[in-house]
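Residue numbers (full-length UniProt numbering): 1 to 533.
Yeah, the Cβ is synthetic: ideal placement off N, Cα and C, and Gly gets one too.
Inspection log for the structure reproduced underneath, given as structure tokens.
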């Protein structure tokens with residue numbers, strides 16, 4: 001088990017009650033909270049946390065986002081504050097204990113570095129002196145060498161060595177990186193690794209600070225943000241594009257984890273494999289293996305993406321963007337099969353009919369564009385457009401026999417359509433006994449019970465029915481996933497409620513065999529897998 005500390009920002013509950021900033025201590029295995037520190041103590045947010053290293057890690061330092069950026073030291077197991085002091089009126093980026101001396105602390109950030117001593121129940125600080133060296137705009141990272149020297153990396157691309165116990169620079173490596181130095185890691189063998197932002201380089205330095213080796217991280221993975229040492233000569237590199245790489249400066253780096261960087265809205269599950277697609281504002285399309293939790297492939301497209309849908313064969317994927325463009329991709333090779341444009345507004349839904357004969361493209365221009373499909377989804381021809389909604393299209397479901405489809409819109413209309421004629425079906429009798437292949441529309445008789453009393457029509461972003469027709473999952477604006485029985489026709493139906501996202505939940509879907517439910521997040525940019533039990 002690893003014990004993890006996180007700093008939380010102030011917030012409000014759904015009811016408007018204030019949630020104060022605090023520090024949470026977690027168990028890395030069960031993910032349960034062990035301790036909560038500082039309720040009512042911190043201001044605005046906790047921006048830095050760090051465990052002491054030499055005394056069993058029984059102390060924790062934290063810096064908040066108050067005007068004075070208060071530094072506090074805690075006996076976290078007892079949930080008691082030991083001491084505190086004013087840090088700086090400028091932004092603080094790092095707070096860290098010395099690895100062998102539990103009475104020494106370092107904080108740094110905008111145009112400053114402070115060396116702190118924990119003495120007699122109080123904190124005293126000395127400012128780091130840059131003297132003849134140009135003071136950097138930001139001191140971005142800190143590490144400690146075995147001999148006691150402190151190394152800092154800054155926004156000017158420089159490495160400064162601060163002599164043991166002092167607050168003066170004893171050695172400088174100017175221009176170590178082109179752009180900021182965001183990550184530093186002192187290795188067990190006495191060498192040092194630095195990671196650059198703009199130049200995306202990971203550099204190995206000798207004990208005399210001479211450059212021994214360097215490697216550049218591929219542009220697709222983004223600038224380096226942090227570096228950590230693993231077993232043997234293994235290094236882990238975290239990047240600004242939500243990727244974690246593993247490797248060494250000698251052999252180069254390979255992808256270990258890749259995620260999204262911005263809001264996710266597009267989610268689609270493969271019709272016959274444990275695979276799914278996500279896409280979002282970051283213009284990234286990932287095809288994931290649900291069992292390994294790894295992307296099988298990733299593709300950058302020209303526009304932010306909003307929606308996705310598989311052809312029933314699983315060999316072709318449609319992706320809708322915010323510009324009115326939509327793409328067809330080969331799911332094996334991730335090659336571009338075709339690109340089309342319908343209007344110039346967001347494409348909120350792309351959906352193939354169950355028999356694979358049609359593709360519907362729902363737009364924010366209030367229209368649904370209907371295409372006939374040939375060659376297993378590789379060739380499409382515009383058949384017509386469905387006009388009748390007075391607001392943008394939000395959701396769409398096909399009949400099991402592909403004879404018709406139903407749409408929801410931003411003004412809460414439910415309309416039915418004949419794909420062959422692109423005409424609205426106005427007879428209720430004609431659709432009364434239709435069996436629907438999916439249930440993604442948030443408005444309809446079968447999902448009536450998902451809405452709580454007083455709910456706003458935009459509170460629920462997505463629903464999905466399990467393929468066996470027994471369960472219905474909803475994704476809402478409050479970070480919650482609800483699980484209902486299907487059909488869900490009783491007003492304010494009972495549900496199981498699950499938390500996990502730290503932002504609005506944008507979409508939900510079940511894997512083809514209903515073993516797993518998937519949800520995508522907005523501001524938290526995350527994809528969560530839920531085991532269906």
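{"Item": "Backbone secondary structure at residue 405 - three-state DSSP", "Value": "strand"}
{"Item": "Cα-Cα separation between residue 297 and residue 527, rounded to whole angstroms", "Value": "16 Å"}
{"Item": "Segment contact flag, the segment 431-447 with the segment 460-478, C-beta cutoff 8 Å, min 3 pairs", "Value": "yes"}
{"Item": "Secondary structure of residue 222, DSSP reduced to three states", "Value": "coil"}
{"Item": "Minimum length 4: unbroken alpha helix (DSSP H) runs contained in the segment 157-218", "Value": "none"}
{"Item": "Helix, strand or coil at residue 445 according to DSSP, with G and I counted as helix", "Value": "helix"}
{"Item": "Residue 475 and residue 493 closer than 7 Å at C-beta", "Value": "no"}
{"Item": "Span separating the alpha-carbon of residue 395 from that of residue 370", "Value": "15 Å"}
{"Item": "Cβ-based burial, residue 293 [other Cβ within 10 Å; buried from 16]", "Value": "exposed"}
{"Item": "Residues near residue 338 in its chain [Cβ-Cβ closer than 6 Å; skip 5 each side]", "Value": "328"}
{"Item": "Nonlocal neighbours in the same chain, by C-beta distance under 8 Å from residue 28, ignoring five residues either side", "Value": "1, 2, 3, 4"}
{"Item": "Rounded separation between residue 165 and residue 524 - CA only", "Value": "41 Å"}
{"Item": "Under the three-state DSSP convention, the category residue 424 falls into", "Value": "strand"}
{"Item": "Reduced DSSP category for residue 57 - H, G, I as helix; E, B as strand; rest coil", "Value": "coil"}
{"Item": "Alpha carbon of residue 246 to alpha carbon of residue 235, nearest angstrom", "Value": "6 Å"}
{"Item": "Cβ-based burial, residue 202 [other Cβ within 10 Å; buried from 16]", "Value": "buried"}
{"Item": "Proximity winner among 15, 10, 9, 6, relative to residue 454 (alpha-carbon distances)", "Value": "15"}
{"Item": "Whether residue 39 touches residue 22 by CB criterion (7 Å)", "Value": "yes"}
{"Item": "Reduced DSSP secondary structure (H/G/I, E/B, other) of residue 431", "Value": "helix"}
{"Item": "Straight-line gap, residue 407 to residue 107 (C-alpha atoms, nearest Å)", "Value": "55 Å"}
{"Item": "Rounded straight-line distance, which links the Cα of residue 478 to that of residue 290", "Value": "25 Å"}
{"Item": "Among 58, 69, 213, the one whose alpha carbon lies nearest that of residue 540", "Value": "Residue 540 falls outside the range modelled here, since the chain spans only 1 to 533, and no answer is possible."}
{"Item": "Residue 521 in three-state terms, based on DSSP", "Value": "strand"}
{"Item": "Span separating the alpha-carbon of residue 342 from that of residue 428", "Value": "30 Å"}
{"Item": "Sequence-distant residues of the same chain with beta carbon closer than 7 Å to residue 130, five excluded per side", "Value": "169"}
{"Item": "Segments assigned beta strand (DSSP E), at least 3 residues, entirely inside the segment 321-392", "Value": "325-330, 336-341, 347-352, 358-363, 368-374, 379-386"}
{"Item": "Proximity to residue 56 [Cα-Cα], best of 73, 90, 102", "Value": "102"}
{"Item": "Cutoff 6 Å; reference residue 104; Cβ partners in own chain excluding five residues on either side", "Value": "98"}
{"Item": "Same chain, Cβ closer than 7 Å to residue 233, five either side skipped, listed in chain order", "Value": "248"}
{"Item": "Extent of the continuous beta strand (DSSP E) run through residue 108", "Value": "104-109"}
{"Item": "Beta carbon of residue 111 nearer than 7 Å to that of residue 135", "Value": "yes"}
{"Item": "Under 7 Å between C-beta atoms of residue 195 and residue 227", "Value": "yes"}
{"Item": "Cut-off 6 Å between Cβ atoms - residues of its own chain near residue 519, not counting five sequence neighbours on either side", "Value": "475, 481, 505, 508, 528"}
{"Item": "Span separating the alpha-carbon of residue 497 from that of residue 483", "Value": "7 Å"}
{"Item": "Reduced DSSP secondary structure (H/G/I, E/B, other) of residue 4", "Value": "strand"}
{"Item": "Contained beta strand (DSSP E) runs [length at least 3] in the segment 260-302, N- to C-terminal order", "Value": "264-269, 275-280, 284-289, 294-300"}
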